[in-house]
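If you're matching positions, the sequence shown starts at 60 in the working numbering and goes up one per residue.
Where is the CB? At the ideal position from N, CA and C, for every residue including glycine.
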Amino acid sequence: MDRTMTRKRSSLPTYLLHKPTGQARCRIDGKDIYLGLYGSESSRIRYGQLVAKLAGGMSVDPLADSNRKGPPRSDSEADPGPTVGELCLAFLRYAQGHYVKNGQPTSQLHVVKGTVRPLNELYGLTPAKDFGPLAMKAVRTKMIELGWTRGTINASMGRIRRIFKHAVENELIDSNILQRLQCVAPLLAGRTEAHDNAPRTAVEPADIEAVRLLVSPLVRDLIDVQRLTGARSGELLSLTTGAIDRTGEVWTAELSDHKTAHHGQSRTLHFGPQSQLILTRHLSADPRQPVFPITRHAYCRAITRACEKAGIERWVPHQLRHTAAGVVRDQFGLEHCQSVLGHSKADMTEHYAKAGTAKAQEVALKIG
């Protein structure tokens with residue numbers, strides 16, 4: 060087992076001010092270790108080094124590691140190169156132009172910023188060349204203390220590598236720095252303090268009905284259409300009146316903005332008789348107007364608040380997709396379910412449901 064995982068929560072020392080001397084300090088095993096002038100670059104670097112030692116399971120000698128003077132780096136010392144913080148800034152500038160859809164930043168940009176926060180807090184002033192596997196594991200330990208899930212932490216480690224890869228690509232650092240970070244293994248299930256979220260499952264019909272009785276007509280109709288179509292909430296919230304083709308027995312909507320659009324995959328929603336009745340109430344004379352004028356956050360919050368008010372187990376909109384998948388799988392089979400959900404691989408459909416347009420239209424006509 061990874062030695063970093065045997066440490067208890069709140070194992071990382073805090074960067075503190077020793078007011079009488081103005082020195083930075085941290086407390087380890089009941090003893091103060093002085094790092095230099097509080098707030099100085101050198102004290103932050105020494106703090107990061109100590110944290111890396113602890114994350115690697117190494118012992119810390121309070122006398123050897125203390126530095127009450129915190130000597131500054133001399134002007135004659137060789138340039139250590141860009142800091143970790145500078146690499147983060149360079150990547151964020153790149154991300155602001157890369158993670159964009161229809162002129163708006165995607166959620167991935169906010170995820171990247173979330174990853175950068177603990178990284179920069181611990182090692183922002185550390186030269187990137189000195190950021191190695193132990194430092195990376197220290198950031199991981201910080202994420203565990205913050206209560207992040209195992210999957211989120213593993214994904215964040217990948218984003219940190221991506222930051223360093225971007226730096227290598229632009230010749231900011233040597234490639235061997237990235238190679239060292241690639242040696243850090245992912246957290247394994249059952250072998251870490253980081254918890255795993257329970258897999259999302261279908262919502263019980265009684266729980267759906269309990270929420271329907273407590274929400275606004277708009278949210279109620281959105282719940283019903285999502286349950287009938289198996290669409291993602293984001294797909295329905297981006298749907299406009301003009302995007303719906305109402306010429307056939309089954310209405311369709313070709314989506315240009317959806318989860319897998321950047322992979323070149325197409326996505327078509329199919330609306331049967333029941334969904335059509337609901338949609339008719341929300342169609343606008345302006346083809347550009349959204350059918351369901353509500354944000355994703357407001358939609359989700361309306362449901363979770365209704366769950367709390369009804370005294371039932373909390374569920375979120377995406378679980379309605381699981382509910383629809385189960386119904387379609389039971390009545391029509393895996394291939395029809397795959398078509399309705401818009402999956403390119405059957406194993407993902409299996410995950411939802413514990414190909415072709417014709418199959419999706421058949422489902423919509425009968426139960427949508």
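Three-way DSSP call (helix, strand, coil) for residue i in this model
i: Leu71; result: coil
i: Glu230; result: coil
i: Ile219; result: helix
i: Pro349; result: strand
i: Thr300; result: helix
i: Asp88; result: coil
i: His321; result: Summary for His321: the model assigns pLDDT 44, below 50, so the residue's position carries little reliability, and this model does not support an answer.
i: Leu148; result: helix
i: Val243; result: coil
i: His341; result: coil
i: Arg132; result: Model confidence at Arg132 stands at a pLDDT of 45, short of 50, so the residue's coordinates are unreliable; what they give is reported in the following sentence. Coil at Arg132, not helix or strand.
i: Ala405; result: A caution first: Ala405 carries a pLDDT of 46, below 50, which makes its placement in the model unreliable, though a value can still be read off. Helix at Ala405.
i: Arg291; result: coil
i: Met60; result: Low local confidence applies: a pLDDT of 40 at Met60 is under 50, so the model's placement there is unreliable, with the coordinate-based value given in what follows. If DSSP states are grouped into helix, strand and coil, Met60 belongs with coil.
i: Arg127; result: Note that Arg127 scores a pLDDT of 44, beneath 50, so its modelled location is shaky and nothing firm can be said.
i: Ile248; result: The sequence shown places Ala at residue 248, not Ile. If DSSP states are grouped into helix, strand and coil, Ala248 belongs with coil.
i: Glu367; result: helix
i: Leu178; result: helix
i: Pro376; result: coil
Proximal residues to residue i (C-beta, below 7 Å), its chain only, five neighbours per side dropped
i: Ala369; result: Ala269, Val270 and Leu273
i: Tyr97; result: Leu76, Gly81, Gln82 and Ala83
i: Gly301; result: Pro346 and Arg347
i: Leu184; result: Glu100, Arg103, Ile104, Thr142 and Gly144
i: Leu328; result: Thr288, Ala290, Glu294, Thr311, Ala312 and Leu314
i: Arg218; result: Val171 and Thr174
i: Ser215; result: Thr174 and Met202
i: Gly191; result: Arg239
i: Lys78; result: none
i: Ala154; result: Leu168 and Val171
Sequence-distant residues of its chain with Cβ nearer than 6 Å to residue i (five each side left out)
i: Arg380; result: Gly289
i: Ile203; result: Glu252 and Ala253
i: Asp88; result: none
i: Val262; result: Trp374, Gln378 and Thr382
Of the residues the options, the one placed nearest residue i, counting alpha carbons only
i: Ala111; options: Asn229, Leu338 and Asp189; result: Asp189
i: Ile104; options: Gln155, Thr165, Leu181 and Val175; result: Leu181
i: Val386; options: Pro264, Gln335, Pro349 and His341; result: Pro264
i: Ala257; options: Arg373, Cys359 and Pro72; result: Arg373
i: Arg221; options: Cys147, His169 and Lys196; result: Cys147
i: Met195; options: Gly156, Gln241 and Asn235; result: Gln241
i: Ile282; options: Asp304, Ala214 and Tyr358; result: Tyr358
i: Gly331; options: Tyr106, Pro192, Gly249 and Arg286; result: Arg286
i: Ile303; options: Ser292, Val262, Gln335 and Leu205; result: Gln335
i: Arg209; options: Asn179, Ala197, Gly249 and Leu193; result: Gly249
i: Arg364; options: Leu298, Asp266, Gln333 and Ala344; result: Asp266
i: Ser234; options: Ala187, Thr200, Pro276 and Val262; result: Ala187
i: Gln47; options: Leu193, Arg326, Val309 and His356; result: The structure shown does not extend to residue 47, since the chain spans only 60 to 427, so no value can be given for it.
i: Thr211; options: Thr354, Thr306, Asp255 and Glu228; result: Asp255
i: Thr299; options: Pro139, Ile371, Lys78 and Ala344; result: Ala344
i: Lys160; options: Thr354, Ser297, Ile232 and Thr306; result: Ser297
i: Leu277; options: Ile236, Val243, Ile362 and Leu231; result: Ile362
Per DSSP, the bridge partner or partners of residue i
i: Ala312; result: Ile303 and Leu328
i: Ala83; result: Leu76 and Gly95
i: Pro186; result: Thr142
i: Lys160; result: Gln163
Same chain only: Cβ atoms within 8 Å of residue i, ignoring 5 sequence neighbours per side
i: Ala151; result: Position check: residue 151 holds Leu in this sequence, whereas Ala was assumed. For Leu151, where only same-chain residues beyond five positions count, the Cβ hits under 8 Å are Val171, Lys172 and Val175.
i: Asp280; result: Ile337, Arg340, His341 and Phe351
i: Arg259; result: Val375, His377, Gln378 and His381
i: Tyr158; result: Pro164, Thr165, Gln167, Leu168 and Val171
i: Asn213; result: Pro245 and Leu246
i: Cys85; result: Pro72, Thr73, Tyr74, Leu75, Asp91, Ile92, Leu94, Tyr106 and Leu109
i: Pro177; result: Val198, Lys201, Met202 and Leu205
Could I get the ranges of all uninterrupted alpha helix (DSSP H) runs contained in the stretch 251 to 285, with 4 residues as the minimum, in chain order? 264 to 271
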